[in-house]
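All remarks here apply to the structure that follows.
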Amino acid sequence: EPFAISGDLAIMVGGDPSDFKRAEPLFNVIGKSAVLCGQSGAGNVTKLANQIVVGANIHGLAEALVLATKAGVNPETVFDAIKGGLAGSNVMNAKGPMMFERNFKPGFRIELHYKDINNAAKTADQLELPLQVTANLQQVMKALVGWGEGGNDHSGILSYVEKLSGVTVSNK
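Here my numbering is used: position 57 in the sequence shown is 92, and no number is missing along the way.
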């Protein structure tokens, strides 16, 4: 939602190139980038691929912060150290501070991300692809929705990792 409000959406389109060209001025108003990904359906597949990467990044960051906390290393220091390297990402920069503040006010709700991950898993099944990270994200998000946390921002994946590990991320 924040990117929709600010006009910073990444728009992924499938369809005819001439239709894309005709609609491109509108895409440029509502988003910061618009890419023609291929024929009809390609934009949807690209969106699902995006959601896999976003979920994997959030889950990986949550595990890294829990590891740091359990090992007695300040997780914010770890975050600062790795965000400028290869592990750094827009996802990390957006969701890390929310995790530290325990601010799970929805920007993108877990229940919506879960819907997308389910669609990615269904697409993978139809293509007979074994997507293990996607399957894991599906289970993580299913648990969070089942625990009544589906309305939280997807940075709330941290709470899943914390519950499994018995560790609460803290910089104290």
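Here a beta-carbon is modelled for each residue, glycine too, at the ideal position from N, C-alpha and C.
Treat the numbers as computed from the prediction; the structure is a model and nothing was measured.
Closest option to V80, judged by alpha-carbon separation, among I152, S124, S53, G95: I152.
Annotation: S190 is outside any beta strand (DSSP E) and is labelled neither H nor E by DSSP. Secondary structure note for K157: its alpha helix (DSSP H) is the uninterrupted segment 145-161. About 16 Å separates the beta carbon of I87 from that of K130, a gap too long to meet the 8 Å contact definition. The three-state secondary structure of A122, taken from DSSP, is coil. Residue pairing by DSSP places G49 opposite G73 in a beta bridge. Within the same chain, and ignoring the five residues on either side of P141 in sequence, the residues whose Cβ sits closer than 8 Å to its Cβ are E36, G186, N187, D188. Remark: C-beta atoms of V48 and G95 do not approach each other more closely than 7 Å. Taking N128 as the centre and dropping the five residues before and after it, the same chain places the C-beta of K118 closer than 8 Å to its C-beta, in chain order. Taking 7 Å as the cut-off, the beta carbon of V168 is found no closer than this to the beta carbon of A97. Linking M176 to N125 through their CA atoms gives a straight-line distance of about 21 Å. Going by DSSP, V180 is part of the alpha helix (DSSP H) stretching over 167-181.
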